[in-house]
Amino acid sequence: MIHALDHVVILVEQLSSAVAAYTAAGFVVAPGGEHADGATHNALISFPDGTYLELLAFRRPAPEHRWWRHVAAGPGLIDFALLPVNTTIAVAAAADRGLIMNGPVAGGRIRPDGLSLAWETAWPPSPDLPFLCGDVTDRSLRVPDADFWGHTNGARGIAEVIVAVVDPVASAGRYAMLLGITPQAAPAEARIPLGESEIVLRGPDSGDQQVLDRLARRGEGICAITLKGLHFPDLTTTLGATIMAARVE
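Following full-length UniProt numbering, the numbering of the sequence shown begins with 1 at its first residue and continues without gaps.
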């Protein structure tokens, strides 16, 4: 079972500079660490709803890395992960529904305090889909706790992940195989509730410039997020990633 959004990955050029910029924008940024392959390191921004933002930078050229292709297009939102109860079971269930994920793949990183974290990921066959990130060590060791939730900009969680796709109806079909749901889809947009968040599949027919820009620069994938409680309507210009306040209903 896949029950919630886990985190959003934001590519940054230099980690220390990004930490300073996000701190200045009112976020509390927690130190992350270096990943097991030595290619990347990160810092984290966590929220009370259990989700977090991962600021990720490359430490060396890594053409073998899944996300290296995004470097040429510059910093910004590049991927997002869902949280399975059990990665192996989630991968098998998706396969039974006709979607073949690559994994589980062992992963991990070392925290600044020296503690080793371990998790399993599974990777999708198409870029409109998220990857899975399931914990082997306790999730509380991976995700910063309440000591890091006091964001002065008011942010308290991820409301929406907006994904630029070529065909929302076709993409919704792939999400159905991944999640075991039947989403409602239209030619311009499909919405998929997941835990306390929502995944929005948005196509060119929506006329959304963010979608068109993402498709032109990077192809299909995450193009924007909205945050619950954010005091500022739009932090895109400040941070180089499309981060906006969620609509208040």
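Using N, Cα and C, we set each Cβ at its ideal position, and we do this for glycine too. Remember, it's a predicted structure, so these values are computed and weren't measured experimentally.
Should residue i and residue j be called a contact, given that it needs their Cβ atoms to be closer than 9 Å?
i      : j      : result
Ala14  : Ala72  : Reading off the sequence, residue 14 comes out as Gln, not Ala. No; because the gap between Cβ atoms is not below 9 Å, this pair is not in contact.
Ile222 : Val161 : yes
Leu132 : Leu83  : yes
Pro130 : Asn102 : no
Asp135 : Trp123 : no
Arg247 : Ala176 : no
Val12  : Ala18  : yes
Since residue i and residue j should fall inside the 8 Å C-beta cutoff, what is the C-beta to C-beta distance between them, to a whole number of angstroms?
i      : j      : result
Val143 : Tyr52  : 6 Å
Ile225 : Ile158 : 6 Å
Ala36  : Arg109 : 6 Å
Trp149 : Pro48  : 5 Å
Ala164 : Leu215 : 5 Å
From residue i to residue j, what does the alpha carbon distance come to, in whole angstroms?
i      : j      : result
Pro193 : Gln184 : 11 Å
Phe80  : Asp6   : 8 Å
Leu201 : Val8   : 15 Å
Ser116 : Asn42  : 14 Å
Ala90  : Thr236 : 34 Å
Gly38  : His65  : 11 Å
Glu189 : Asp234 : 22 Å
His231 : Val28  : 15 Å
Leu212 : Thr121 : 29 Å
Asp145 : Leu179 : 27 Å
Thr137 : Asn86  : 12 Å
Glu198 : Ile2   : 13 Å
Trp68  : Thr40  : 10 Å
Ala245 : Leu227 : 5 Å
Ala95  : Ser16  : 40 Å
Gly173 : Ala21  : 38 Å
Thr23  : Gln209 : 28 Å
Arg191 : His70  : 26 Å
Gly207 : Ser171 : 18 Å
Spatial neighbours of residue i within its chain, please: C-beta separation below 6 Å, excluding the five flanking residues on both sides.
i      : result
Val169 : Ala185
Ala241 : Ile10, Gly76 and Leu77
Pro187 : Asp205
Gly154 : Gly229, Leu230 and His231
Arg217 : Ala73
Gly107 : Trp119 and Thr121
Please go through the same chain and pick out, in chain order, the residues whose beta-carbon is closer than 7 Å to the beta-carbon of residue i, but skip the five residues on each side of it.
i      : result
Arg111 : Gly33 and Leu117
Thr88  : Pro104
Pro127 : Gly219, Glu220 and Gly221
His151 : Gly26, Phe27 and Val28
Gly195 : His3, Ala4 and Leu5
Ile243 : Ile225, Leu227, Leu235 and Thr236
Ala93  : Gly180
Quick one: what's got a C-beta closer than 8 Å to residue i's C-beta in the same chain, skipping five residues either side?
i           : result
residue 250 : In the structure displayed, the chain extends from 1 to 249; residue 250 sits before or after that span and is not available.
Arg59       : Glu34, Gly38, Ala39, Thr40 and His41
Regarding residue i and the ligand MG, is the C-beta to nearest heavy atom distance less than 8 Å?
i     : result
Ala72 : Although the ligand MG was asked about, the structure shown includes no ligands whatsoever.
Can you check whether the C-beta of residue i is within less than 9 Å of a C-beta belonging to chain B?
i     : result
Asp79 : Among the protein chains of the structure shown there is no chain B, as only one such chain exists.
Contiguous beta strand (DSSP E) assignments of at least 3 residues, all confined to the region 142 to 186
Segments of the beta strand (DSSP E) lying fully in the region 142 to 186: 157 to 164.
Taking only runs that begin and end inside the region 106 to 143, name each unbroken alpha helix (DSSP H) of 4 or more residues, in chain order.
For the region 106 to 143, whole alpha helix (DSSP H) runs of length 4 or above, ordered along the chain, are 139 to 142.
Which full runs of the beta strand (DSSP E) of 3+ residues lie inside the UniProt domain "VOC" (1 to 58), going along the chain?
Within the UniProt domain "VOC" (1 to 58), the complete beta strand (DSSP E) runs of at least 3 residues are 2 to 11, 30 to 35, 40 to 46 and 52 to 58.
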